[in-house]
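Quick note: the sequence shown uses the numbering used here, first residue 61, plus one each step.
Using N, Cα and C, we set each Cβ at its ideal position, and we do this for glycine too.
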Amino acid sequence: MGSDAGELAGAGKAGVAVQSSLAAVKDDFDVLIDFTRPEGTLNHLAFCREHGKGMVIGTTGFDDAGKQAIRDAAQDIAIVFAANFSVGVNVLLKLLEKAAKVMGDYTDIEIIEAHHRHKVDAPSGTALAMGEAIAGALNKDLKDCAVYSREGYTGERVRAPSASRPFARAISSGSIRQCLLTSVSVLKSPIKRPAA
Numbered sequence: 061m062g063s064d065a066g067e068l069a070g071a072g073k074a075g076v077a078v079q080s081s082l083a084a085v086k087d088d089f090d091v092l093i094d095f096t097r098p099e100g101t102l103n104h105l106a107f108c109r110e111h112g113k114g115m116v117i118g119t120t121g122f123d124d125a126g127k128q129a130i131r132d133a134a135q136d137i138a139i140v141f142a143a144n145f146s147v148g149v150n151v152l153l154k155l156l157e158k159a160a161k162v163m164g165d166y167t168d169i170e171i172i173e174a175h176h177r178h179k180v181d182a183p184s185g186t187a188l189a190m191g192e193a194i195a196g197a198l199n200k201d202l203k204d205c206a207v208y209s210r211e212g213y214t215g216e217r218v219r220a221p222s223a224s225r226p227f228a229r230a231i232s233s234g235s236i237r238q239c240l241l242t243s244v245s246v247l248k249s250p251i252k253r254p255a256a
């Protein structure tokens, strides 16, 4: 503790000392930037709410109760909460809304993502935000219309030949009329579309 945060990050001296307690620095900040884990974020949220500090939350993986706690706290403090702060991803979310409205209910949209085996939330917050953008544009609730094949499956994958079949089947299925792919490696695979 006490080391310079910038030096620890390899970015040079930032003049910000690493602390183990928010209480020790509560008078030194106005807004807490939190990209941690849901449990930590909710603890930080309670602290910030109690002390009137704003928050920028980029943590994902919240359950419904956690999301509600954030909405409740936003009645008392300023909060910016997003699954992904990338400009490109946020432009993509708007484009997905427009595409979903154009394609309507008569098409299937699939979100396929790939991550390293240590990814702690599956599906990712970005994939869920994409699904919510699409569902919202179609006046649907994502919980009512989403179909998951590997929800919550984290850690090393089984190395059996059949382990990748659900993923491969989704990619090569002849019944896919429209498909949204989110992995560059998947985009390199040709997709055969059925004749109109």
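Out of curiosity, what's the CA-to-CA distance linking D64 and Q79?
10 angstroms
Segments of 3+ residues assigned as beta strand (DSSP E) that fall wholly inside the region 117–203:
139–141
Beta-carbon proximity list for A195, same chain, < 7 angstroms, skipping 5 on both sides:
D201, L202 and C205
Taking the alpha-carbon of I172 as reference, which of G185, A134 and M115 has the nearest alpha-carbon?
Per the Cα distances, G185.
Could you tell me the distance, in whole angstroms, from the CA atom of G100 to the CA atom of D132?
17 angstroms
State whether the region 137–144 contacts the region 108–121, with contact taken as three or more CB pairs (one from each stretch) at a distance under 8 angstroms.
yes
Terminal residues of the alpha helix (DSSP H) in which L92 lies
Premise fails: L92 lies in the beta strand (DSSP E), V91 to D94, not in any alpha helix (DSSP H).
Return helix, strand or coil for A84, following the three-state DSSP convention.
helix
Consult DSSP for A77 and reduce its assignment to one of helix, strand or coil.
strand
So, at 7 angstroms on beta carbons, what are the nonlocal neighbours of G191 in its own chain, with the 5 sequence-adjacent residues on each side left out?
Excluding positions up to five away in sequence, the list reads I171, L202 and A206.
To the nearest angstrom, how far is the alpha carbon of C239 from that of R109?
Annotation note: pLDDT 42 at C239 (below 50); position unreliable, coordinate value reported separately. Taking the straight line joining both Cα atoms gives about 42 angstroms.
In three-state terms, what does DSSP make of G114?
In this structure, G114 counts as strand in the three-state DSSP scheme.
Rounded C-beta distance between G121 and L102? I'm assuming under 8 angstroms.
Actually they do not touch by this definition, with Cβ atoms about 11 angstroms apart.
Determine the extent of the alpha helix (DSSP H) in which A69 is found, giving its start and end residues.
Per DSSP, A69 belongs to no alpha helix (DSSP H) and is neither H nor E.
With 16 other CB atoms within 10 Å as the buried threshold, where does K73 fall?
exposed
Could you tell me how far apart the beta carbons of A84 and L105 are, in whole angstroms, since I believe they sit closer than 8 angstroms?
That belief does not hold up - the Cβ atoms of A84 and L105 are roughly 18 angstroms apart, past 8 angstroms.
Give the single residue among A187, L198 and A197 whose Cα lies nearest to the Cα of Y208.
A187
In terms of alpha-carbon separation, which member of A77, F95, L152 and R97 lies closest to D88?
A77
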